[in-house]
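Visitor:
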Amino acid sequence: KNEVEQSPQNLTAQEGEFITINCSYSVGISALHWLQQHPGGGIVSLFMLSSGKKKHGRLIATINIQEKHSSLHITASHPRDSAVYICAVSQIQGAQKLVFGQGTRLTINP
Amino acid sequence: GAGVSQSPSNKVTEKGKDVELRCDPISGHTALYWYRQSLGQGLEFLIYFQGNSAPDKSGLPSDRFSAERTGGSVSTLTIQRTQQEDSAVYLCASSLRTGLTEAFFGQGTRLTVV
Numbered sequence: 001k002n003e004v005e006q007s008p009q010n011l012t013a014q015e016g017e018f019i020t021i022n023c024s025y026s027v028g029i030s031a032l033h034w035l036q037q038h039p040g041g042g043i044v045s046l047f048m049l050s051s052g053k054k055k056h057g058r059l060i061a062t063i064n065i066q067e068k069h070s071s072l073h074i075t076a077s078h079p080r081d082s083a084v085y086i087c088a089v090s091q092i093q094g095a096q097k098l099v100f101g102q103g104t105r106l107t108i109n110p
Numbered sequence: 111g112a113g114v115s116q117s118p119s120n121k122v123t124e125k126g127k128d129v130e131l132r133c134d135p136i137s138g139h140t141a142l143y144w145y146r147q148s149l150g151q152g153l154e155f156l157i158y159f160q161g162n163s164a165p166d167k168s169g170l171p172s173d174r175f176s177a178e179r180t181g182g183s184v185s186t187l188t189i190q191r192t193q194q195e196d197s198a199v200y201l202c203a204s205s206l207r208t209g210l211t212e213a214f215f216g217q218g219t220r221l222t223v224v
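Protein chains in written order, with the numbering used here: chain A, 1 to 110; chain B, 111 to 224.
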């Protein structure tokens, strides 16, 4: 079992829909990161959080430390949101290196 | 530049040749990480630098892989006697320090071993 599990692996939705991507982890963490990777592009950090909730534009990230679970929400989704979204955790032990989930491939159709 | 810079962006090499991949982190970032993303696979950790030292090399897949960092800045990942299974995108990330700080990623080097 991977230390970081994401669901779903693939998600296709229509423009305007509310999107939720889930991430569960099994190790002690100091922070959880949500990353975005566009096709052929590099990786962009969307959020880093260790508790509660953060919001940036149409993106919202939440984390429940007790349940070891985080969600990434996208409101009013748009085709430009199409990308791979990756959950990663910084372990308490291990020099803060990131352990990654397998990613969720999101496709938003117009 | 303002971001993490990696070079080359693409590299095609023949099996058995050595390659060097370069990462230029954001100025002032003391922590530097190398990750690898193989086709159809997730991202995996290779090595981490704090300053010029590498406290964690646990992700390097074999002794053909090595990395160094000089002057607390530029890092080079070297792969000797490349094999086809080394084909992947090699990503570098830097952060201000270890701990609860955001990681900034480069665009990656796509390595193809033929």
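Beta carbons are placed, not taken as given, at the ideal position from N, Cα and C, and that holds for glycine.
What residue range does the beta strand (DSSP E) around residue 52 of chain A cover?
Guide: By one-based count along the first sequence, residue 52 of chain A stands at place 52. Looking at the DSSP string, the run of the beta strand (DSSP E) that includes residue 52 of chain A is 52-56.
Visitor: Considering only residues of the stretch 111-135 of chain B, which uninterrupted beta strand (DSSP E) runs meet the minimum length of 3 residues and lie entirely inside it, listed in chain order?
Guide: Listed in chain order, they are 115-117, 120-123, 129-134.
Visitor: Assign residue 166 of chain B to one of three DSSP states: helix, strand, or coil.
Guide: Taking the first residue of the second sequence as position 1, residue 166 of chain B is located at position 56. Strand.
Visitor: Using a Cβ cut-off of 8 angstroms, which residues of the stretch 82-102 of chain A contact any Cβ in chain B, in chain order?
Guide: Correct list: 86, 88, 90, 94, 95, 96, 97, 98, 99, 100, 101, 102.
Visitor: Since I believe residue 192 of chain B is in contact with residue 129 of chain B (beta carbons under 8 angstroms), could you give me their beta-carbon distance rounded to a whole number of angstroms?
Guide: For the purposes of this step, residue 129 of chain B is taken as residue 19 along the second sequence, with counting starting at 1. For the purposes of this step, residue 192 of chain B is taken as residue 82 along the second sequence, with counting starting at 1. Right, their Cβ atoms sit about 6 angstroms apart.
Visitor: With 16 other CB atoms within 10 Å as the buried threshold, where does residue 203 of chain B fall?
Guide: If you number the second sequence from 1, residue 203 of chain B lands on position 93. Classification for residue 203 of chain B: buried.
Visitor: Consult DSSP for residue 195 of chain B and reduce its assignment to one of helix, strand or coil.
Guide: One-based indexing of the second sequence puts residue 195 of chain B at position 85. Helix at residue 195 of chain B.
Visitor: Can you name, in chain order, every residue of its own chain whose Cβ lies under 6 angstroms from the Cβ of residue 220 of chain B, other than the five neighbours on each side?
Guide: The residue you call residue 220 of chain B lines up with position 110 of the second sequence. Around residue 220 of chain B: 120, 199.
Visitor: Give me the chain A residues within the contact set of residue 143 of chain B, using Cβ-Cβ distance strictly less than 8 angstroms, ordered along the chain.
Guide: Locating residue 143 of chain B in the second sequence gives position 33, counting from the first residue. 97, 98, listed in chain order.
Visitor: Given residue 30 of chain A, which residues of its chain have a CB within under 8 angstroms of its CB, disregarding the five upstream and five downstream residues?
Guide: Counting from one through the first sequence, the residue named residue 30 of chain A turns up at place 30. Closer than 8 angstroms at the Cβ level, and outside the excluded window around residue 30 of chain A, lie 50, 90, 91, 92, 96.
Visitor: Which residues of the stretch 20-52 of chain A have a Cβ closer than 8 angstroms to any Cβ of chain B? Give them in chain order.
Guide: From the stretch 20-52 of chain A, only 30, 31, 33, 35, 41, 42, 43, 44, 45, 48, 50 have a Cβ closer than 8 angstroms to chain B.
Visitor: Under 8 angstroms: does the beta carbon of residue 141 of chain B sit that close to some heavy atom of the ligand GDP?
Guide: With respect to small molecules bound, the structure shown includes none, and the ligand GDP cannot be examined in it.
Visitor: Within the chosen definition, does the stretch 180-190 of chain B reach the stretch 126-140 of chain B through at least 3 CB pairs nearer than 8 angstroms?
Guide: Yes, the stretch 180-190 of chain B is in contact with the stretch 126-140 of chain B.
Visitor: With 9 angstroms set as the bound, which would you pick, yes or no: does the beta-carbon of residue 158 of chain B sit closer than that to a beta-carbon of chain A?
Guide: The count along the second sequence starts at 1 and reaches residue 158 of chain B at position 48. So yes, residue 158 of chain B belongs to the interface.
Visitor: With 9 angstroms as the threshold, decide whether the Cβ of residue 152 of chain B is near any Cβ in chain A.
Guide: On the second sequence, residue 152 of chain B is found 42 positions in, with the first residue counted as 1. Closer than 9 angstroms to some Cβ of chain A, the Cβ of residue 152 of chain B qualifies, so yes.
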